[in-house]
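Colleague:
2 protein chains.
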Amino acid sequence: MRVWQDDRLARVALSRIVEPGDPRLLASISSIGPVETLQQLADSHPDLAELQAETQARSGGLEPERILAIAARQGIRFVTPADDEWPHQLADLEQPRVQGRGGVPVGLWVRGPQRLDTLAGSVAVVGARTATGYGASVAGDIAAQVAGAGRPVVSGAAFGIDQAAHRGALGSDGSTVAVLACGADRIYPEAHRDLIEHLATRHAVVSEAPPGWSPMRMRFLSRNRLIAALTSGTVVVEAALRSGALNTANWAHQLNRPVMGVPGPVTSAQSQGVHQLVRVGAAGLVTTGPEVLEMVAESGQHLLEVPRGPETTRDRLDPVDRQVLDAVPVSRAVPSVSIARTAGIGPGTTDAVLVRLQEAGLVRSDGHGWRLAGLALP
Amino acid sequence: MRVWQDDRLARVALSRIVEPGDPRLLASISSIGPVETLQQLADSHPDLAELQAETQARSGGLEPERILAIAARQGIRFVTPADDEWPHQLADLEQPRVQGRGGVPVGLWVRGPQRLDTLAGSVAVVGARTATGYGASVAGDIAAQVAGAGRPVVSGAAFGIDQAAHRGALGSDGSTVAVLACGADRIYPEAHRDLIEHLATRHAVVSEAPPGWSPMRMRFLSRNRLIAALTSGTVVVEAALRSGALNTANWAHQLNRPVMGVPGPVTSAQSQGVHQLVRVGAAGLVTTGPEVLEMVAESGQHLLEVPRGPETTRDRLDPVDRQVLDAVPVSRAVPSVSIARTAGIGPGTTDAVLVRLQEAGLVRSDGHGWRLAGLALP
Numbered sequence: 001m002r003v004w005q006d007d008r009l010a011r012v013a014l015s016r017i018v019e020p021g022d023p024r025l026l027a028s029i030s031s032i033g034p035v036e037t038l039q040q041l042a043d044s045h046p047d048l049a050e051l052q053a054e055t056q057a058r059s060g061g062l063e064p065e066r067i068l069a070i071a072a073r074q075g076i077r078f079v080t081p082a083d084d085e086w087p088h089q090l091a092d093l094e095q096p097r098v099q100g101r102g103g104v105p106v107g108l109w110v111r112g113p114q115r116l117d118t119l120a121g122s123v124a125v126v127g128a129r130t131a132t133g134y135g136a137s138v139a140g141d142i143a144a145q146v147a148g149a150g151r152p153v154v155s156g157a158a159f160g161i162d163q164a165a166h167r168g169a170l171g172s173d174g175s176t177v178a179v180l181a182c183g184a185d186r187i188y189p190e191a192h193r194d195l196i197e198h199l200a201t202r203h204a205v206v207s208e209a210p211p212g213w214s215p216m217r218m219r220f221l222s223r224n225r226l227i228a229a230l231t232s233g234t235v236v237v238e239a240a241l242r243s244g245a246l247n248t249a250n251w252a253h254q255l256n257r258p259v260m261g262v263p264g265p266v267t268s269a270q271s272q273g274v275h276q277l278v279r280v281g282a283a284g285l286v287t288t289g290p291e292v293l294e295m296v297a298e299s300g301q302h303l304l305e306v307p308r309g310p311e312t313t314r315d316r317l318d319p320v321d322r323q324v325l326d327a328v329p330v331s332r333a334v335p336s337v338s339i340a341r342t343a344g345i346g347p348g349t350t351d352a353v354l355v356r357l358q359e360a361g362l363v364r365s366d367g368h369g370w371r372l373a374g375l376a377l378p
Numbered sequence: 001m002r003v004w005q006d007d008r009l010a011r012v013a014l015s016r017i018v019e020p021g022d023p024r025l026l027a028s029i030s031s032i033g034p035v036e037t038l039q040q041l042a043d044s045h046p047d048l049a050e051l052q053a054e055t056q057a058r059s060g061g062l063e064p065e066r067i068l069a070i071a072a073r074q075g076i077r078f079v080t081p082a083d084d085e086w087p088h089q090l091a092d093l094e095q096p097r098v099q100g101r102g103g104v105p106v107g108l109w110v111r112g113p114q115r116l117d118t119l120a121g122s123v124a125v126v127g128a129r130t131a132t133g134y135g136a137s138v139a140g141d142i143a144a145q146v147a148g149a150g151r152p153v154v155s156g157a158a159f160g161i162d163q164a165a166h167r168g169a170l171g172s173d174g175s176t177v178a179v180l181a182c183g184a185d186r187i188y189p190e191a192h193r194d195l196i197e198h199l200a201t202r203h204a205v206v207s208e209a210p211p212g213w214s215p216m217r218m219r220f221l222s223r224n225r226l227i228a229a230l231t232s233g234t235v236v237v238e239a240a241l242r243s244g245a246l247n248t249a250n251w252a253h254q255l256n257r258p259v260m261g262v263p264g265p266v267t268s269a270q271s272q273g274v275h276q277l278v279r280v281g282a283a284g285l286v287t288t289g290p291e292v293l294e295m296v297a298e299s300g301q302h303l304l305e306v307p308r309g310p311e312t313t314r315d316r317l318d319p320v321d322r323q324v325l326d327a328v329p330v331s332r333a334v335p336s337v338s339i340a341r342t343a344g345i346g347p348g349t350t351d352a353v354l355v356r357l358q359e360a361g362l363v364r365s366d367g368h369g370w371r372l373a374g375l376a377l378p
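Chain order of the listed sequences is A and B.
So for the first sequence, the UniProt record's numbering puts the first residue at 1; every next one is plus one.
So for the second sequence, the UniProt record's numbering puts the first residue at 1; every next one is plus one.
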């Protein structure tokens, strides 16, 4: 049996032996390091007996240097905590567990020029594969505004919201990264070949699973924790009640990252999961990119003005004129003396104000009395 | 000058002299009662000098008995705190002030058979006059569910959400009440004559303004506080950023009543005001009538189950079968031995499980390997 001495090579071997997000492995690495963990697996150490039994079939004849060389020929590098580009925000994964998965990944396989340390401050935009046109459009807009503001977008590579998010970010010349459940060399779904290859050429596709590994449900669940942990906040654009995007939201919540939900029609099943997140307080509500930027900003950055409707003619009136206007009936005309009483303003002043308001087109007179010119109601 | 001794008649007189929601009048009534307040107005008492100057023109020759008699011929009664049917929840208006208005109303003019004390536990459903078809439909559904559960609906009488709310409540044979900014004898808007007359015949139309008074902006603002105060919670279905419905929501918030916002497409201007309320925490998000009932319920009533998506075939699998299923690739088929490794389950067991899963239609074999039968992803 080979003796493992190199931290990086030990991590390559472990990445090929154990499923992504296996908390037994990751706890052991965090406690005794990858070299010792690998040695304990080889020695059938009692602490790792269960894992050893399950992974035995994969453990023989590993040649990490060769694995790295083959990956390199595919344009894939293996990034570990010892590398400059390691995204240190992943340390937050040390403790949280969701559905039996968790832990800091043993390493990340990356295809593409973008360094992973650029993902500090990035934003996850995730949601339903079966998105509506509405959801895809809003996801694209939000991703464009986030990426356009200099924060990378992170998503999966699925149909629907994932795709719309990448397209939106690319359309704003921003950066966008896909985290995959399969190996970084694999294309899934096949229909997204062009998109995934483009991301791998200009930005990055990332996976905890080694090259060649297939996508399967348990790997999607482990992958979701990376999307949540790599980013400074997760936006869920559309999600039905059982959507996998809610799993990503759950991870972000466990990691104390802001979870943001984009509302939609209450009649849309694709928005039900999002509405439920907001209802129970697990997500804040956002409707635009700037609102997302405000939620993920350090305090004092990206402060939003409270949105207001357009200023109306009424807003520009002085207080006495406004008081008279508010006492003019919306329907049947009444004499100015009655308006004066209602407004609590003298009849002479009221008459003068009514003439001004008439010139501004706000009230009209029928000779006997005054009423509002339009439907300028509160 | 007449000497006022009767509390009810003094309130009738004050209702005819002072604008609805004038906090100076209502504070005085709350402090020294209506008889003494009316006397101070007649005596030009310094405490009420400003109000006296403004209301002088309306103060002469009032005959409250005659006013009540004329109202009675119109089917309108005057309800005061001394009456059995007085809605005591209005006492919460004692302190709050919004936009210079506030206070417990001097009395309420009511047309229709429904007693005001039935409004304990009622729910306000309000929103944009220029509602979308979506908003009107959702408002009608929510009002129908609320009224169908035995809680009266309260709204205005405007186009859009108000109308849809009344129609929804009527459609479920529930009770629904309109609070008007004009006198309870007046019809505004004219297009809602049939609706308002129907409410006055079967339920009630209510106003703080005496019969004959016109609708105008300041009276809508005062009216909004009554809608908020009469009810156990306010649902805002659609509201643009400057909508009057936000004023009602603001009143409900000041009165510590639950404020509930129904989300809509973020691309709809009619939902912007609602989204803003939810975003800043001034409203909770609701999507259905049962959710509204849960929000306004005494604790322990109307508890909702957490909504879940439909149970899937996967949910019904036993844990080992599910573990194998989660390790089956979604795309390219792989041998069962590889699935066994990924799942961490022995090859014999895995083979048996795969056959069962195939019979259930969840996986398929191409002779050399296995993959998922459909897109049964997380």
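Note that CB positions come from ideal geometry on N, CA and C, so glycine has one too.
These numbers were taken from a predicted model, which means no experiment stands behind them.
#1: Going by DSSP, name the residue or residues bridged to R332(A).
#2: So which residues of chain B does A240(A) contact, with C-beta pairs closer than 8 Å?
#3: Who are the Cβ neighbours of T44(B) in its own chain at under 7 Å, not counting the five residues just before and after it?
#4: Does the beta carbon of E54(B) come closer than 8 Å to any beta carbon on chain A?
#5: Pop quiz: V79(A) and S122(A) are said to be a contact at Cβ under 8 Å. What is the actual Cβ separation, rounded to whole angstroms?
#6: Please classify S30(A): does DSSP put it in a helix, a strand, or coil?
#7: Under the three-state reduction of DSSP, which class applies to M295(B): helix, strand or coil?
#8: Rounded C-beta distance between L357(B) and V330(B)? I'm assuming under 8 Å.
#9: So, does the CB of G107(A) fall closer than 8 Å to a CB anywhere in chain B?
#10: Verify the CB distance criterion: does E197(B) have a CB-CB separation below 8 Å to chain A?
#11: Consider the Cβ of S331(A): report whether some Cβ of chain B lies at a distance smaller than 8 Å.
#12: Would you give the residue range spanned by the alpha helix (DSSP H) that R364(B) belongs to?
#13: Per DSSP, which residues does G261(B) bridge with? Please list them.
#14: Is it buried or exposed for G367(B), if we count other Cβ within 10 angstroms and need 16 for buried?
#15: Hey, is V275(A)'s beta-carbon within less than 8 Å of any beta-carbon in chain B?
#16: Kindly say whether L48(B), judged by its beta-carbon, lies nearer than 8 Å to any beta-carbon of chain A.
#17: Among V205(A), D22(A), G140(A) and A191(A), which residue has its Cα nearest to the Cα of D173(A)?
#18: Please decide whether residue 398(B) counts as near chain A, where near means a Cβ-Cβ distance under 8 Å.
#19: Which residue wins for smallest C-alpha separation from R115(A), given the options S137(A), R77(A) and P215(A)?
#20: Kindly identify the DSSP beta-bridge partner or partners of A204(B).
#21: Between the C-alpha atoms of S268(A) and E36(A), what's the straight-line distance to the nearest angstrom?
#22: Can you give me the C-alpha to C-alpha distance between V12(A) and M216(A), rounded to a whole angstrom?
#23: Taking CB distances under 8 Å as the criterion, tell me whether M260(B) reaches chain A.
#24: Could you pull out every residue in the same chain whose Cβ sits closer than 6 Å to the Cβ of A252(A), ignoring the five residues on either side in sequence?
#25: Check whether the stretch 90-102 of chain B touches the stretch 164-184 of chain B, counting contact only when three or more Cβ pairs, one atom from each stretch, lie closer than 8 Å.
#26: For A327(A), go through chain B and note every residue whose CB falls closer than 7 Å to its CB, in chain order.
#27: Which value, in whole angstroms, describes the spacing of the CA atoms of A376(A) and L195(B)?
#28: Would the stretch 16-30 of chain A and the stretch 94-104 of chain A be scored as touching if the rule is three or more Cβ pairs under 8 Å?
#29: Kindly list the residues whose CB is nearer than 7 Å to the CB of T313(A), restricted to its own chain and excluding five residues on each side of it in sequence; keep chain order.
#30: Let's test the definition: count the other Cβ atoms within 10 Å of the Cβ of A200(A) and tell me whether it reaches 16, buried, or not, exposed.
#31: Considering only residues of the same chain and omitting the five flanking positions on each side of T342(B), which have a CB-CB separation below 6 Å?
#32: Where does E238(A) land, buried or exposed, given buried means 16+ other C-beta within 10 angstroms?
#33: Quick one: list the residues of chain B neighbouring V334(A), beta-carbon separation under 8 Å, in chain order.
#34: With C-beta atoms as the reference, is W109(A) less than 8 Å away from A184(A)?
#35: Closest by CA to S243(B), which one among G284(B), A49(B) and N224(B)?
#36: Should R151(B) be labelled buried (16 or more other beta-carbon atoms within 10 Å of its own) or exposed?
Modeller: Put simply:
#1: According to DSSP, which records beta bridges pairwise, R332(A) is partnered with nothing at all.
#2: Residues of chain B with a Cβ closer than 8 Å to the Cβ of A240(A) are, in chain order, G309.
#3: Residue 44(B) is actually Ser in this sequence, not Thr. Only residues of its own chain outside the window of five on either side were considered, and among them Q52 have a CB closer than 7 Å to the CB of S44(B), listed in chain order.
#4: Taking 8 Å as the threshold, the shortest C-beta distance from E54(B) to chain A falls below it.
#5: In this structure V79(A) does not touch S122(A) by the C-beta definition: roughly 15 Å separates them, more than the 8 Å allowed.
#6: Note: S30(A) maps to helix in three-state DSSP.
#7: Note: M295(B) maps to helix in three-state DSSP.
#8: Under the criterion of beta carbons closer than 8 Å, L357(B) and V330(B) do not qualify as touching, at roughly 14 Å.
#9: With 8 Å as the cut-off, G107(A) does not count as an interface residue toward chain B.
#10: False, the Cβ-Cβ gap to chain A never drops below 8 Å.
#11: At a cut-off of 8 Å between beta-carbon atoms, S331(A) makes contact with chain B.
#12: Per DSSP, R364(B) belongs to no alpha helix (DSSP H); it is in the beta strand (DSSP E), V363 to S365.
#13: G261(B) pairs with V236(B) and L285(B).
#14: The residue is exposed, with fewer than 16 neighbouring Cβ atoms inside 10 Å.
#15: At residue 275(A) the sequence reads His, which differs from the Val that was named. So yes, H275(A) belongs to the interface.
#16: Not closer than 8 Å to any Cβ of chain A, the Cβ of L48(B) fails to qualify, so no.
#17: Ranking V205(A), D22(A), G140(A) and A191(A) by Cα distance to D173(A) puts G140(A) first.
#18: Within the shown structure, residues of chain B are numbered from 1 to 378, placing residue 398(B) beyond reach of any answer.
#19: Ranked by Cα distance from R115(A), the first of S137(A), R77(A) and P215(A) is R77(A).
#20: Paired residue(s): V177(B).
#21: If I take the Cα positions, the gap works out to 52 Å.
#22: CA-CA distance, V12(A) to M216(A), rounds to 21 Å.
#23: No, its Cβ sits nowhere closer than 8 Å to a Cβ of chain A.
#24: The beta carbon of A252(A) sits closer than 6 Å to those of A228, T234 and V259, all from its chain and outside the five residues before and after it, given in chain order.
#25: Not touching, per the Cβ criterion.
#26: What A327(A) touches in chain B: M216 and M218.
#27: Low per-residue confidence applies at A376(A): pLDDT is 48, beneath 50, and the placement is therefore not dependable enough to give any value.
#28: When Cβ pairs closer than 8 Å are counted between the two stretches, the stretch 16-30 of chain A is seen to touch the stretch 94-104 of chain A, the count reaching three or more.
#29: Excluding residues within five positions, the ones whose Cβ falls inside 7 Å are A360 and L362.
#30: A200(A) counts as buried, since at least 16 other C-beta atoms from the protein chains shown sit within 10 angstroms of its C-beta.
#31: Residues of the same chain with a CB within less than 6 Å of the CB of T342(B), apart from the 5 flanking positions on each side, are A327 in chain order.
#32: E238(A) should be labelled buried.
#33: Simply S214.
#34: If you check the CB distance, W109(A) and A184(A) come in under 8 Å.
#35: Considering only alpha carbons, the answer is N224(B).
#36: By the Cβ-count criterion, R151(B) is buried, with 16 or more other Cβ atoms from all chains shown falling within 10 Å of its own Cβ.
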